[in-house]
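**Q** Sequential numbering from 1 applies to the first sequence in the UniProt record's numbering.
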Amino acid sequence: MLQQTPVARVAPVWHEWLARWPTPTDLAADAPGEAVRAWGRLGYPRRALRLHAAAVAMTEHQAGTVPSTETELLALPGVGTYTAAAVATFAFGERTTVVDTNVRRVLARVISGEEYAAPSPTRAELTVAAGLVPLDAVEARTWSVAVMELGALVCSARSPRCSECPVADLCAWQLAGRPSYQGPARKGQAWEGTDRQLRGALLAVLRASDVPVPRSSLEALSDNEIQRERCLDSLVADGLVEPLSRDRYQLPASREAS
DNA sequence: TAGCCGTGGTT
DNA sequence: TAACCAAGGCT
């Protein structure tokens, strides 16, 4: 849930989920569409599908327990480099290298002397991060949470609070006079009129309905037929939407969402 | 690896 | 106020 989503927005939904589905087995027993519905407006709803799929995998292959090693975690759907390392470290105490957007920014500044990290993680960046992690597993875990928190609370993206920073005196960016970012242009996401916007609107209609929705209700969301069909098709392909007979649609009820 | 995938608070 | 950006993953 926290992937690309601020803690403050995740917290209430997370509590609802744990009250409803206390264990992976509980979640796996419900339809994937219920996960998508309970995801609400957190965004990137494919994460809900993957979380459900991960629950199914844990239920089927490990008696409903969460794997305790980074390697096993990586095999779960929706669990990538960051999440596997974070869970392995924070939940199970494994000594690994946790690199999220906060860590990348802190190291870019403190070590490399640049305002922002590159648009996408580089090999060199991960090597540097790994080299900074303490050898002791307990200290390594403390290190990771500390760097993440420093990035989130002090070394923030927009207006860093350098006057409050505990490592300002050894920060390469600070020592260089806080030069502005010179690297390759950063993405910048368009929104108005995009497929993402329409997919979100389509899914919002389906989430709000307890009964199958007729195609006509979905068509009302856009006059662009080409885009409309493309988005609906992609939602079906993603397993987020299930087409029924008589031109009706619903959130996936079947057990095997991709 | 670059592009795609949502949403809403912050600056 | 329009951008920016957030505990990324997948193809």
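For each residue, glycine too, the CB sits at the ideal point set by N, CA and C.
Under DSSP, the alpha helix (DSSP H) around residue 244 begins and ends at which residues?
**A** Reading the first sequence from its first residue, position 244 is the one you call residue 244. Note, residue 244: premise wrong, no alpha helix (DSSP H); beta strand (DSSP E) at 242-244.
**Q** With a CB to CB cut of under 8 Å and the five nearest residues on each side skipped, what residues in its chain are close to residue 234?
**A** The residue given as residue 234 occupies position 234 in the first sequence. Excluding residues within five positions, the ones whose Cβ falls inside 8 Å are 195 and 199.
**Q** What residue ranges within the stretch 190-223 form continuous alpha helix (DSSP H) runs of no fewer than 4 residues, ordered along the chain?
**A** Entirely contained in the stretch 190-223, the alpha helix (DSSP H) runs reaching 4 residues are, in chain order, 195-208 and 215-219.
**Q** So, using beta-carbon positions, are residue 32 and residue 253 closer together than 9 Å?
**A** Here residue 32 is taken as the residue at index 32 of the first sequence, counted from 1. Here residue 253 is taken as the residue at index 253 of the first sequence, counted from 1. The answer is yes: Cβ separation under 9 Å.
**Q** With a threshold of 6 Å on Cβ separation, who are the neighbours of residue 114 within its own chain once the five nearest residues in sequence on each side are excluded?
**A** Here residue 114 is taken as the residue at index 114 of the first sequence, counted from 1. Contacts found: 108.
**Q** Specify the secondary structure class of residue 4 as computed by DSSP and reduced to three states.
**A** Walking along the first sequence from the start, residue 4 turns up at place 4. DSSP places residue 4 in coil when its eight states are reduced to three.
**Q** Could you pull the DSSP bridge partners for residue 248 from this structure?
**A** Here the question's residue 248 lines up with position 248 in the first sequence. Answer is 214 and 244.
**Q** Check for me: the alpha helix (DSSP H) holding residue 231 runs from which residue to which?
**A** Here residue 231 corresponds to residue number 231 of the first sequence, with the count starting at 1. Where residue 231 is concerned, the enclosing alpha helix (DSSP H) stretches over 225-238.
**Q** Looking at C-alpha atoms only, which residue of 197, 100, 130 and 206 is the closest neighbour of residue 34?
**A** Sequence index remark: in the first sequence, residue 34 carries index 34 (1-based). Closest option to residue 34, Cα to Cα, is 206.
**Q** Can the beta-carbon of residue 243 be found less than 9 Å from the beta-carbon of residue 186?
**A** Here the question's residue 243 lines up with position 243 in the first sequence. Here the question's residue 186 lines up with position 186 in the first sequence. No.
**Q** What residues in its chain sit with their C-beta under 6 Å from that of residue 98, if we drop five residues either side in the sequence?
**A** On the first sequence, position 98 is the one that residue 98 refers to. Excluding positions up to five away in sequence, the list reads 85, 86, 89 and 144.
**Q** Give the secondary structure of residue 59 by DSSP, where H, G and I count as helix, E and B as strand, and everything else as coil.
**A** For the purposes of this step, residue 59 is taken as residue 59 along the first sequence, with counting starting at 1. Helix.
**Q** Who are the Cβ neighbours of residue 217 in its own chain at under 7 Å, not counting the five residues just before and after it?
**A** Here residue 217 refers to the residue found at position 217 of the first sequence. Answer for residue 217: 205, listed in chain order.
**Q** Between residue 257 and residue 39, what straight-line distance do the alpha-carbon atoms span, to the nearest angstrom?
**A** Taking the first sequence and counting its residues from 1, one reaches residue 257 at position 257. Taking the first sequence and counting its residues from 1, one reaches residue 39 at position 39. Confidence in residue 257 is poor, its pLDDT being 44 and thus under 50, which makes the residue's placement too unreliable to answer from.
**Q** How would you label residue 65, buried or exposed, when you count the other beta carbons within 10 angstroms and need 16 or more for buried?
**A** Position 65 of the first sequence, counted from the start, is the residue given in the question as residue 65. By the 10 Å Cβ count, residue 65 comes out exposed.
**Q** Less than 9 Å between the beta carbons of residue 153 and residue 167, yes or no?
**A** In the first sequence, residue 153 corresponds to position 153, counting from 1. In the first sequence, residue 167 corresponds to position 167, counting from 1. It is not a contact, given that the beta carbons lie outside the stated cut-off.
**Q** Here's a check: name, in chain order, each residue in its chain whose Cβ is nearer than 7 Å to the Cβ of residue 18, leaving out the five neighbours to either side.
**A** For the purposes of this step, residue 18 is identified with residue 18 of the first sequence, where counting begins at 1. Closer than 7 Å at Cβ, skipping near neighbours: no residue.
**Q** Could you tell me which of 129, 212, 95 and 190 sits nearest to residue 106, measuring between CA atoms?
**A** For the purposes of this step, residue 106 is taken as residue 106 along the first sequence, with counting starting at 1. Answer by Cα proximity: 129.
**Q** Which residue's Cα is closest to the Cα of residue 21: 59, 9 and 7?
**A** Counting from 1 along the first sequence, the entry for residue 21 is found at position 21. The shortest C-alpha separation from residue 21 is found at 59.
**Q** With a threshold of 16 other CB atoms inside 10 Å of the CB of residue 52, please say whether the residue is buried or exposed.
**A** By 1-based counting over the first sequence, the position of residue 52 is 52. By the neighbour-count rule (16 or more Cβ atoms within 10 Å), residue 52 is buried.
**Q** Just checking my contact of residue 124 with residue 133 at CB under 8 Å: how many whole Å lie between their CB atoms?
**A** If you number the first sequence from 1, residue 124 lands on position 124. If you number the first sequence from 1, residue 133 lands on position 133. About 16 Å separates the two Cβ atoms, so there is no contact after all.
**Q** Suppose you measure from the CA of residue 137 to the CA of residue 148; what does that come to, to the nearest Å?
**A** Here residue 137 refers to the residue found at position 137 of the first sequence. Here residue 148 refers to the residue found at position 148 of the first sequence. Straight-line Cα distance between these residues: approximately 17 Å.
**Q** In three-state terms, what does DSSP make of residue 44?
**A** As a working mapping, residue 44 is identified with position 44 in the first sequence. Three-state result, residue 44: coil.
**Q** Would you identify the three-state DSSP class for residue 113, choosing helix, strand or coil?
**A** Walking along the first sequence from the start, residue 113 turns up at place 113. Coil, per DSSP.
**Q** From residue 57 to residue 76, what does the alpha carbon distance come to, in whole angstroms?
**A** If you number the first sequence from 1, residue 57 lands on position 57. If you number the first sequence from 1, residue 76 lands on position 76. The alpha-carbon atoms of residue 57 and residue 76 are separated by roughly 7 Å.
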